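Peer 1:
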Amino acid sequence: MTVAPPAALAPAAPAPGPARAPTSAAAARSRVRDLLRRAGVGLDSVIAADVLLVTSELVTNAIRHGGGLTAFHIEIADDALLLSVADANPHAPVPRTGTPDRPGGYGWPLVKRLADRVDVRSHGGGKTISAELRLA
504 MTVAPPAALA
514 PAAPAPGPAR
524 APTSAAAARS
534 RVRDLLRRAG
544 VGLDSVIAAD
554 VLLVTSELVT
564 NAIRHGGGLT
574 AFHIEIADDA
584 LLLSVADANP
594 HAPVPRTGTP
604 DRPGGYGWPL
614 VKRLADRVDV
624 RSHGGGKTIS
634 AELRLA
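Offset between the sequence shown (1-based) and my numbering: plus 503.
Next comes the structure, spelled out in structure tokens:
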């Protein structure tokens with residue numbers, strides 16, 4: 504994984520489809536599946552599974568830990584999927600270790616392992632996490 508400067512992951516143009524942020528991880532995955540399908544990426548591929556897992560983790564964490572999803576952007580450029588998820592919490596994700604009474608803690612390390620590049624940018628209203636995953 505490479506941490507990229509913010510400009511390297513900045514979205515070039517809006518993705519087709521609804522402009523409003525999805526209200527759940529399932530809705531976000533649906534948008535990503537549609538984009539992958541239109542791009543000819545097999546939905547039964549490991550690449551698609553990785554992209555959908557990263558989408559799920561980032562959106563779920565924005566909803567659960569980030570004060571809610573405030574923006575969502577996906578696009579395909581140069582054989583890579585670019586995903587940006589914004590939330591209302593300005594703090595970067597903090598890895599945690601699960602316990603028997605509070606399982607979890609695997610999502611952020613998985614995102615960093617599966618994505619080719621990850622960028623976390625704080626801004627006045629929260630933060631934006633951008634991830635790039637190669638499709639080829």
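Here a beta-carbon is modelled for each residue, glycine too, at the ideal position from N, C-alpha and C. Remember, predicted model here, so these are calculated numbers, not experimental data.
#1: In its own chain, which residues sit with a C-beta less than 6 Å from the C-beta of alanine 507, not counting the 5 before and 5 after it?
#2: Using 10 angstroms around the beta-carbon of threonine 602, count the other beta-carbons present and answer buried if the total reaches 16, otherwise exposed.
#3: Does the contact criterion of 3 or more C-beta pairs under 8 Å hold for the stretch 570-580 versus the stretch 599-619?
#4: Check histidine 642 in the structure and name its three-state DSSP category.
#5: Considering Cα atoms alone, identify which of Pro612, Gly569, Gly608 and Ala574 is closest to histidine 594.
#6: By the three-class DSSP mapping on this structure, what secondary structure does glycine 628 have?
#7: Can you tell me which of Ala574, Arg536, Leu572 and Thr573 puts its alpha carbon nearest to the alpha carbon of leucine 556?
#8: Where does arginine 536 sit, in a helix, a strand or coil, going by DSSP?
Peer 2: Walking through what the data contain:
#1: Residue placement at alanine 507 is flagged as unreliable, the pLDDT there being 47, under the threshold of 50; a coordinate-derived value is accordingly withheld.
#2: exposed
#3: no
#4: In this structure the chain extends from 504 to 639, so residue 642 is not present and cannot be described.
#5: Gly569
#6: coil
#7: Arg536
#8: helix
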